[in-house]
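Each residue of the sequence shown is one higher than the last, beginning at 191 in the working numbering. Note that the Cβ used here is the ideal one computed from N, Cα and C, for glycine as well.
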Amino acid sequence: FLSLPVNLVFDCSGNLPMADPIRTRRAQYRQASDLQLDYPPSDRMVQLEVVEAASQGGVSNVGLQLYETGAYAHIGVVVSSSPACPMGACGLSNGTVTALHAQHRNSEEDVGSNWLLTEEHETETQANMVYQDTVFERWGMRHVDGTTHETIQGVDYTTAPPNAYGDAFIVASCRLSQVTGAGLERQFFHGRSFPCSLVFAFAPNVDFSTTRRRSSFQRRTYNPAMATYENYAAGVTWAYFAALGAMAASGCDLAVLSTIGAGPNAGPHRIRIRADLPAIVGNLLNGSHGVPFGLYFTRVILVL
């Protein structure tokens with residue numbers, strides 16, 4: 191059920207590809223039977239907990255606070271991501287990253303910046319190299335500067351049905367730092383950090399503007415089939431299914447979830463889907479889609 195993409199790097203000659211230890215794996219589920227899990231480690235059905243991002247400092251601080259209790263062995267942190275480009279505006283098509291800082295409002299760019307800067311600080315590995323070895327070209331538009339809808343992951347998001355969003359990429363052995371301050375004073379404090387797996391999941395896009403260029407990722411992922419709330423919510427549900435499935439298969443005991451599908455790309459559904467996210471995730475934990483995810487985690491926390 192997990193597709194393992196080969197992570198390639200080049201030796202000093204620049205010619206011979208070598209297999210790098212795989213940190214990034216794809217979890218793709220179009221139906222519940224695509225996910226094959228071991229028998230649940232617990233017979234206790236965990237219930238969803240919801241916290242407000244503003245009061246807790248986002249998923250990074252929630253994960254850090256719980257890690258420091260010493261009660262959790264493997265933390266998974268879910269990030270709402272763009273299916274068109276890893277790291278959003280921070281990830282460039284030449285394999286480099288830009289604008290890594292703590293003032294991003296988008297969760298992918300915020301958590302992604304935290305991760306890459308923390309890893310650079312702690313391992314002295316350049317952020318560009320970490321990006322290239324983990325998420326660069328694992329998903330996204332196949333022709334970045336073109337106008338086609340073809341993606342590396344093989345999904346045309348302009349016509350995708352709801353279950354096509356049952357797709358996530360999990361990156362192992364990451365670290366996130368504490369977030370301090372607010373506004374322009376917001377920063378990543380590397381003196382406190384925690385290990386985790388990052389899970390990048392995709393939501394439908396129904397935010398369309400004819401003023402955008404035909405080559406823009408916004409137009410190339412706009413899906414009119416998601417214009418009805420029922421279809422949109424179904425797509426978001428499958429995104430959370432994939433994220434939970436990826437973490438359960440990787441042995442995460444604590445799942446910290448960001449909001450998926452409640453940003454600008456939700457268009458007219460933004461307010462309603464945000465209000466419905468606790469019910470969507472709670473139902474998945476209780477087995478609404480055929481897998482009782484609540485048996486696979488010690489705690490599951492949704493950070494709104």
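At a Cβ-Cβ threshold of 8 Å, VAL268 and LEU447 count as neighbours. With contacts defined as CB atoms closer than 8 Å, MET331 and ALA274 qualify as a contacting pair. For the segment 209-294, the continuous alpha helix (DSSP H) assignments of 4+ residues that do not extend past its boundaries occur at 243-246, 248-257, in sequence order. Straight-line measurement puts the Cα of THR313 at about 31 Å from the Cα of TYR430.
In this structure the segment 244-261 touches the segment 380-395; the number of beta carbon pairs closer than 8 Å is three or more. Scanning ILE491, ASN395, GLY247, SER440 for the CA closest to the CA of GLY451 turns up ASN395. Its Cα nearest to that of VAL301, the residue VAL389 stands out among ALA439, GLN408, VAL389.
LEU494 carries a coil assignment under DSSP once its states are collapsed to helix, strand and coil. Collapsing the DSSP output to three states places SER363 in a strand. In the three-state DSSP reduction, VAL369 falls in the strand class (E or B). ARG295 and LEU467 have their alpha carbons spaced roughly 19 Å apart.
For PHE431, no beta strand (DSSP E) run applies; the uninterrupted alpha helix (DSSP H) run containing it begins and ends at 419-439, by DSSP. Using a Cβ distance threshold of 8 Å, GLU298 and SER270 count as a contacting pair.
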